[in-house]
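K.L.:
Quick one: the structure is below, and I'll ask about it shortly.
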Amino acid sequence: MKTITLETQMQVYDSREELPEDLLELLHQAEEAATHAYAEYSHFQVGAAILMNNGKIVAGANQENAVFPCGLCAERVAAFAASSMYPEVPFNKIVITAINPDEPLKEPVAPCGSCRQVLFEYEQKFGHPIEVVLAGQEGPIYHFHNVATLLPYTFHAGFLPNEVRSKR
Ligand code: THU
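Heads up: the sequence shown begins at 1094 in our numbering, then just goes up one per residue.
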């Protein structure tokens, strides 16, 4: 038996003043999107803004439902919209943020596993890294250079039987 350590890396901006201009603009769009959340049950409003490789920005907010599992996270709302509008365009960057109605979120919001998996699919599809930037309402901002670093040892299409893969 041996132990294997999986390492990951991110850059930390101490505050939004340190963010490069394009990321700040994308953060503003994600913040705006968060205010459009339909968060009837959790009241936790999440916004995601994707910068596409054609310069377009596609944003999304979480959408909840009285049947809880029918709701969808902001990241997937944005990613599915982006892929529907521009199916052949890679994603360059995604900025994710959230609004906590109780008190301002002081740490960057962490995307759930399903959203990481969905973003990984688009990263693989285009063979193009998607930078992931996570922000709270204040405090530091985390910057991952690609989705793979956020989801080590990921399930991918290579695991699927040949029969399934050949239909892709
Ligand atoms: N949520 C997101 O939209 N993205 C995340 O990364 C984490 C959670 C949403 C789902 C649900 O509407 C609410 O936040 C509470 O979980």
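Even for Gly, the Cβ is constructed at its ideal location relative to N, Cα and C.
1) For Val-1202, which residues of its own chain have a beta-carbon under 8 Å away from its beta-carbon, when the five flanking residues on both sides are left out?
2) Considering only heavy atoms of the ligand THU and the C-beta of each residue, which residues fall inside 6 Å, strictly closer?
3) Counting along the chain, where does the beta strand (DSSP E) carrying Met-1145 start and finish?
4) Using the Cα positions of Asn-1158 and Thr-1096, report the straight-line distance between them to the nearest angstrom.
5) Per DSSP, what are the beta-bridge partners of Leu-1227 in this structure?
6) Looking only at its chain, what residues have a beta carbon closer than 8 Å to the beta carbon of His-1136, apart from the 5 residues adjacent to it on each side?
7) From Gly-1251, Ile-1234, Thr-1247 and Pro-1245, pick the residue whose C-alpha is nearest to that of Pro-1113; which is it?
8) Starting from the Cα of Ala-1172, find the closest Cα among Cys-1163, Tyr-1215, Asn-1147 and Arg-1109 and give me that residue.
9) Measuring CB to CB, does His-1236 end up less than 8 Å from Gln-1104?
10) Using 8 Å as the threshold, is the C-beta distance between Leu-1146 and Ala-1130 below it?
11) Going by DSSP, name the residue or residues bridged to Leu-1165.
12) With distance defined between alpha-carbon atoms, name the residue in Gly-1232, Thr-1242 and Pro-1183 nearest to Asp-1107.
13) Taking the alpha helix (DSSP H) that Tyr-1215 falls in, what are its first and last residues?
14) Helix, strand or coil for Gln-1122, going by three-state DSSP, please let me know.
15) What residues match up with Tyr-1131 in a beta bridge as DSSP calls it?
16) Taking the straight line between their C-alpha atoms, what separation do you get for Ala-1245 and Phe-1252?
17) Beta-carbon within less than 7 Å of Ala-1175's beta-carbon, same chain only, minus the 5 sequence neighbours each way: which residues are those?
P.N.:
Checking against the coordinates, here is how it stands:
1) Residue mapping note: residue 1202 aligns to position 109 of the sequence shown, counting from 1. Within the same chain, Val-1202 has close Cβ partners Val-1139, Ile-1189, Thr-1190, Ala-1191, Leu-1227, Ala-1228 and Gly-1229.
2) Ala-1132, Ser-1135, Phe-1137, Val-1139, Asn-1155, Glu-1157, Gly-1164, Cys-1166, Ala-1167, Glu-1168, Val-1202, Pro-1204, Cys-1205 and Cys-1208
3) Counting from one through the sequence shown, the residue named residue 1145 turns up at place 52. Met-1145 -> beta strand (DSSP E) spans 1138 to 1145.
4) By 1-based counting over the sequence shown, the position of residue 1158 is 65. By 1-based counting over the sequence shown, the position of residue 1096 is 3. Roughly 43 Å separates the two Cα atoms.
5) Residue mapping note: residue 1227 aligns to position 134 of the sequence shown, counting from 1. The partner list for Leu-1227 (beta bridge, DSSP) reads Ile-1189 and Tyr-1235.
6) Along the sequence shown, one-based indexing puts residue 1136 at 43. Correct list, in chain order: Pro-1194.
7) Indexing the sequence shown from 1 puts residue 1113 at position 20. Closest option to Pro-1113, Cα to Cα, is Ile-1234.
8) For the purposes of this step, residue 1172 is identified with residue 79 of the sequence shown, where counting begins at 1. The residue with the shortest Cα to Cα distance from Ala-1172 is Tyr-1215.
9) Within the sequence shown, residue 1236 is the residue found at index 143, counting from 1. Within the sequence shown, residue 1104 is the residue found at index 11, counting from 1. Taking 8 Å as the Cβ cut-off, His-1236 and Gln-1104 qualify as a contacting pair.
10) Residue numbering aside, residue 1146 sits at position 53 when the sequence shown is read from its first letter. Residue numbering aside, residue 1130 sits at position 37 when the sequence shown is read from its first letter. According to the sequence as given, residue 1146 is Asn; it is not Leu. No, these two residues do not count as a Cβ contact at 8 Å.
11) On the sequence shown, position 72 is the one that residue 1165 refers to. Its beta-bridge partners are Gln-1156.
12) Taking the sequence shown and counting its residues from 1, one reaches residue 1107 at position 14. Among Gly-1232, Thr-1242 and Pro-1183, the Cα nearest to that of Asp-1107 is on Gly-1232.
13) Counting from one through the sequence shown, the residue named residue 1215 turns up at place 122. Counting along the chain, the alpha helix (DSSP H) containing Tyr-1215 begins and ends at 1206 to 1219.
14) Counted from its first residue, the sequence shown places residue 1122 at position 29. In the structure shown, Gln-1122 sits in a helix (DSSP, three-state: H, G or I).
15) Your numbering for residue 1131 matches position 38 in the sequence shown. Paired residue(s): Gln-1156.
16) Looking up residue 1245 in the sequence shown gives position 152. Looking up residue 1252 in the sequence shown gives position 159. Going by the sequence as given, residue 1245 is Pro instead of Ala. When rounded, the distance between both Cα atoms is 15 Å.
17) Position 82 of the sequence shown, counted from the first residue, corresponds to residue 1175. Excluding positions up to five away in sequence, the list reads Ile-1143, Met-1145, Val-1151 and Phe-1184.
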